[in-house]
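For the record, in the sequence shown the residue sitting at position 330 is 330 according to UniProt numbering, with numbers rising by one throughout. The beta carbon of each residue, even a glycine, is placed where N, CA and C say it ideally should be. To keep things clear, I will list the structure first and then write my remarks on it.
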Amino acid sequence: MSVSVIIKWGGQEYSISSLSEEDTVMDLKQSIKTLTGVLPERQKLLGLKVKGKPAEDEVKLGSLKLKPNTKIMMMGTREESLEEVLAPPPENDDVVNDFDIEEEVIEVENREENLAKIARRVKEYKVEELNPPREGKRLLVLDVDYTLFDHKSCAETGQELMRPYLHEFLTSAYEDYDIVIWSATSMKWIDAKMKELGVTDNPNYKIMFMLDSAAMITVHTPKRGVVEVKPLGVIWGKYGEFYNRKNTVMFDDIGRNFLMNPQNGLKIRPFMKAHLNREKDRELYKLAQYLKEIAKLDDFSGLNHKHWERWVHVCSNKKNYVVVIQYMLVAAVRIAIYNKIMEENYKYYNISKNAYIV
Numbered sequence: 001m002s003v004s005v006i007i008k009w010g011g012q013e014y015s016i017s018s019l020s021e022e023d024t025v026m027d028l029k030q031s032i033k034t035l036t037g038v039l040p041e042r043q044k045l046l047g048l049k050v051k052g053k054p055a056e057d058e059v060k061l062g063s064l065k066l067k068p069n070t071k072i073m074m075m076g077t078r079e080e081s082l083e084e085v086l087a088p089p090p091e092n093d094d095v096v097n098d099f100d101i102e103e104e105v106i107e108v109e110n111r112e113e114n115l116a117k118i119a120r121r122v123k124e125y126k127v128e129e130l131n132p133p134r135e136g137k138r139l140l141v142l143d144v145d146y147t148l149f150d151h152k153s154c155a156e157t158g159q160e161l162m163r164p165y166l167h168e169f170l171t172s173a174y175e176d177y178d179i180v181i182w183s184a185t186s187m188k189w190i191d192a193k194m195k196e197l198g199v200t201d202n203p204n205y206k207i208m209f210m211l212d213s214a215a216m217i218t219v220h221t222p223k224r225g226v227v228e229v230k231p232l233g234v235i236w237g238k239y240g241e242f243y244n245r246k247n248t249v250m251f252d253d254i255g256r257n258f259l260m261n262p263q264n265g266l267k268i269r270p271f272m273k274a275h276l277n278r279e280k281d282r283e284l285y286k287l288a289q290y291l292k293e294i295a296k297l298d299d300f301s302g303l304n305h306k307h308w309e310r311w312v313h314v315c316s317n318k319k320n321y322v323v324v325i326q327y328m329l330v331a332a333v334r335i336a337i338y339n340k341i342m343e344e345n346y347k348y349y350n351i352s353k354n355a356y357i358v
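Structure (structure tokens):
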């Protein structure tokens, strides 16, 4: 019986239908090498598991019970073409064709049919809770692709495509926020990416739950037609006793995902070309400071997240000012003590006072 799979790699899909159930994982890797040029030993096939563990090369494909045209994500780099890793990735239409949401908001946010769609998602969408909500915490909702992870560049492991400071950022955020992951892809890919990045089972923080594209809704905008968005109302409808407009912030590299909740959205710079930008990207490092500062507020609704960097700068300057003042006070005390000691020495040795006092 034939086996047909689709390999996702480097932003493209490769169909393989020439294998049988008697062929092995290594045979599959050889077929992938023919199509992509990635050597079998450099291939990592996400989601291809036996009893919870990655399938070994000698495992027969028939034992994996793959459905026709199962999609498998591969990570790996062509050994003979390393320069391709450093080349710019294909442009992402969602990023390039994003638009400013302000002019569309009034037309969309409170439209009755859109609110009805949210109500249906609240009723029908099943949330697989990984960890319970915590009393008194704010809510942080995070996109994945280009926000936490460069999903188009080629690499041998997900760690190479991970945005710098990711774990430090999540560890810091978890002190004040419950964390939700929301990506416009399928749950299978979200789960695979989070595990590959070491997010799912990290001991320093916990993810409350993850949402996929099925939790999104479509809305009609006067100028852009029908687009998909991520309405936070789905979460607020299910967890209304914990979260609302006043204590929720959402990070995404695509501004139109905020159409139903613009006041709560923060548009993050997309993390692309990981191999070129890994050393200089500090977005999450700075955003961790921003989250820490606004967590002190009882109500986020008065914030304009467009100016988050200005907020961080001002707060940083205030802290530096306080440090300088503290340093000056300490220095003044030390000088006073020094002068007192020197004055005592003056009296004891009968030396001119002006020789010591500063």
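With contacts defined by Cβ atoms closer than 7 Å, V25 and D57 form a contacting pair. Within the same chain, and ignoring the five residues on either side of T157 in sequence, the residues whose Cβ sits closer than 8 Å to its Cβ are K44, M75 and E196. Listed as beta-bridge partners of S20 by DSSP are S2. Following the DSSP letters along the chain, one finds I207 inside the beta strand (DSSP E) bounded by residues I207 to L211.
Pairing A295 with R42 gives a Cβ-Cβ distance that is not under 7 Å.
If you look at V141, you'll find it in the beta strand (DSSP E) that goes R138 to L142. Under the three-state reduction of DSSP output, V38 falls in the coil class, being neither helix nor strand. Taking 7 Å as the cut-off, the beta carbon of V219 is found no closer than this to the beta carbon of V122.
Contact check for L140 against V249 passes: the beta carbons are separated by less than 7 Å. Annotation: K273 is outside any beta strand (DSSP E) and is labelled neither H nor E by DSSP.
Taking the CA atoms as reference points, I7 sits about 43 Å from L303. Between P132 and F242, the C-beta spacing is not below 7 Å. Look at Y177 here: in three-state DSSP terms it is strand.
CA-CA distance, H275 to Y285, rounds to 18 Å. Around the CB of A119, fewer than 16 other CB atoms lie within 10 Å, so the residue is classed as exposed.
Annotated as distal: D212 and M194, with beta-carbon spacing of 7 Å or more. The bridge partners DSSP lists for S186 come to none.
Taking each of G10, L39, G62 and Q12 in turn and checking the Cα distance to D23, the smallest one comes out for G62.
Each of I32, I217, A288 and K340 was checked against the Cα of R111, and the nearest Cα belongs to I217. Cβ-Cβ distances below 6 Å link Y165 to L284 and Y285 in the same chain, with the five nearest sequence neighbours on each side left out; the list follows chain order.
Scanning A215, A214 and V229 for the CA closest to the CA of T221 turns up V229. Ranked by how close their Cα comes to the Cα of S20, the residues T36, L66 and E13 have L66 in first place.
Rounded to the nearest angstrom, the gap between the Cα atoms of G198 and E175 is 19 Å. When DSSP states are grouped into helix, strand and coil, T77 belongs to the coil group. Distance from the CA of Y290 to the CA of M1, rounded to the nearest whole angstrom, comes to 56 Å. Taking the Cα of Y125 as reference, the smallest distance to any Cα among G10, D150 and G237 is reached at G237. For E168, same chain residues with a beta-carbon under 8 Å away, outside a window of 5 residues either side, are L284, Y285 and A288 in chain order. Annotated as distal: K152 and G255, with beta-carbon spacing of 7 Å or more. For V226, the enclosing beta strand (DSSP E) begins and ends at G225 to V229. Per DSSP, K60 lies in no beta strand (DSSP E) and is assigned neither H nor E.
Per DSSP, G233 is one residue of the alpha helix (DSSP H) stretching across G233 to K238. One alpha carbon belongs to I179, the other to K206, and they sit about 7 Å apart. Considering only M260, L148, T200 and L170, the residue with the shortest C-alpha distance to E129 is T200. Restricting attention to alpha helix (DSSP H) runs no shorter than 4 residues, the stretch 250 to 300 encloses them at 274 to 277 and 283 to 294, ordered along the chain. A direct Cα-to-Cα measurement between G37 and L64 gives close to 25 Å. I217 is bridged by DSSP to V229.
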